[in-house]
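Encoded as structure tokens, the structure appears first; notes follow it.
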């Protein structure tokens, strides 16, 4: 059976790695980038074709994939005279791999359905290096028939491909997942800073905590920087963490509740972002708390 033609919008670190994987797997890929052409040009060198706009890309593709930073960016590529929806082929599938607002996702799904296509939200877990190996975690939701049709392609990209129900469920679960992860990361970062203040050795603190039920991968990521000065075990920037946690807070409010646990981490991430640490990795929140406690 022939592989579907793929259109891919958003070739950053993750998107570029995913396109490389798709090309390695024999897919015909059309790409559309933004300002930074680093991964776009690499994809073209590998055999991808460049489209002039999202409408042109959609006109020639069976599956349109987006891997972008914000809901606003996704909406900008989807709507308008030169957007994906304007060029969508009948029966085409659109997949949003970013971390978007569930309300925005559901609205776009209705517009895509009205144009004769299907919309899946499929946020990602793991890293660009996993993407190159086809070992991402993919949290997919939306029309089940569209998921079944796209599943073989998703399995070429992901080791664990989940189907999570109605459209928006994937983005909802991803935001809850990231809320939990960023709250734990901030708690560990503060713990190391408090260790400094109280004269406790960071490594000893970690050893005791890691020997019990608190031990987690997120704890290890923060320890890699807090103890070993390696910020890249968790390759996730503070500005992106602040965005995701802000989306979680907004999602909760749109559901009629006010999140309690997210507020401390969200406030700290925003403050760090706005005071010179936007591009630092989340594990470097240790420095934020150290500075805060010493001023």
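In the numbering used here, the protein residues as written are 165 to 459.
The beta-carbon is built from N, C-alpha and C at its ideal position, and this holds for glycine as well.
Which value, in whole angstroms, describes the spacing of the CA atoms of residue 350 and residue 409? Within the chain shown, numbered from 1, the residue matching residue 350 stands at position 186. Within the chain shown, numbered from 1, the residue matching residue 409 stands at position 245. Between residue 350 and residue 409, the C-alpha separation is close to 12 Å.
Nearest to residue 359 by alpha carbon, out of 346, 438 and 373? Residue mapping note: residue 359 aligns to position 195 of the chain shown, counting from 1. When only C-alpha atoms are compared, the closest one is 373.
Given residue 397 as reference, the closest of 447, 427, 212 and 205 once Cα atoms are compared: Translated into the one-based positions of the chain shown, residue 397 becomes position 233. Residue 397 has its Cα closest to that of 447, out of 447, 427, 212 and 205.
How is residue 425 classed by DSSP in three states: helix, strand or coil? Numbered from its first residue, the chain shown carries residue 425 at position 261. In this structure, residue 425 counts as coil in the three-state DSSP scheme.
Whole-angstrom C-beta distance between residue 415 and residue 339, which should lie under 8 Å: Position 175 of the chain shown holds residue 339. Position 251 of the chain shown holds residue 415. Their Cβ separation, rounded to whole angstroms, is 6 Å, which keeps residue 339 and residue 415 in contact under 8 Å.
For residue 326 versus residue 412, is the C-beta spacing smaller than 7 Å? Here residue 326 refers to the residue found at position 162 when the chain shown is read from its first residue. Here residue 412 refers to the residue found at position 248 when the chain shown is read from its first residue. Contact: no.
Counting only runs of 4+ residues fully inside the segment 213-245, write out the alpha helix (DSSP H) ranges in chain order. Inside the segment 213-245, DSSP marks whole alpha helix (DSSP H) runs of 4 or more residues at positions 218-223 and 235-242, from first to last along the chain.
Same chain, Cβ closer than 7 Å to residue 116, five either side skipped, listed in chain order: Outside the shown range of the chain (165 to 459) lies residue 116, about which nothing can therefore be said.
Which term fits residue 458, buried or exposed, when burial requires 16 or more other beta carbons within 10 angstroms of its beta carbon? By one-based count along the chain shown, residue 458 stands at place 294. Around the beta carbon of residue 458, fewer than 16 other beta carbons sit within 10 angstroms, so the residue counts as exposed.
Would you call residue 241 buried or exposed, if buried means 16 or more other Cβ atoms sit within 10 Å of its Cβ? Indexing the chain shown from 1 puts residue 241 at position 77. Answer is buried; the Cβ neighbour count reaches 16.
Roughly how far, in whole angstroms, is the beta-carbon of residue 239 from the beta-carbon of residue 272, given that I think they are within contact range, below 8 Å? Here residue 239 refers to the residue found at position 75 of the chain shown. Here residue 272 refers to the residue found at position 108 of the chain shown. Contact flag correct, Cβ pair sits at about 7 Å.
Looking at the structure shown, is residue 412 part of a helix, part of a strand, or coil, going by DSSP? Residue mapping note: residue 412 aligns to position 248 of the chain shown, counting from 1. If DSSP states are grouped into helix, strand and coil, residue 412 belongs with the helices.
Can you list, in chain order, the residues of its chain with a C-beta nearer than 6 Å to that of residue 294? Leave out the 5 residues immediately preceding and following it. Residue 294 sits at position 130 when you count from the first residue of the chain shown. The residues are 300.
What is the C-beta distance between residue 280 and residue 305, in whole angstroms, given that I count them as a contact (C-beta under 8 Å)? Here residue 280 refers to the residue found at position 116 when the chain shown is read from its first residue. Here residue 305 refers to the residue found at position 141 when the chain shown is read from its first residue. That belief does not hold up - the Cβ atoms of residue 280 and residue 305 are roughly 20 Å apart, past 8 Å.
CB residue 303 to CB residue 345, shorter than 7 Å? One-based indexing of the chain shown puts residue 303 at position 139. One-based indexing of the chain shown puts residue 345 at position 181. For residue 303 and residue 345, no; Cβs fall outside 7 Å.
Can you find the residues in the same chain that come closer than 7 Å, C-beta to C-beta, to residue 266, ignoring five residues on each side of it along the sequence? Here residue 266 refers to the residue found at position 102 of the chain shown. Setting aside the 5 residues that flank it on each side, residue 266 is surrounded in the same chain by 332, 335, 336 and 415, each with a C-beta closer than 7 Å to its C-beta; the list follows chain order.
May I ask which residues mark the beginning and end of the alpha helix (DSSP H) holding residue 272? Along the chain shown, one-based indexing puts residue 272 at 108. Per DSSP, residue 272 belongs to the alpha helix (DSSP H) from 266-278.
Spatial neighbours of residue 401 in its chain, beta-carbon cut-off 8 Å, leaving aside the 5 residues before and after: Position 237 of the chain shown, counting from 1, holds the residue named residue 401. For residue 401, where only same-chain residues beyond five positions count, the Cβ hits under 8 Å are 442, 443, 444, 445 and 446.
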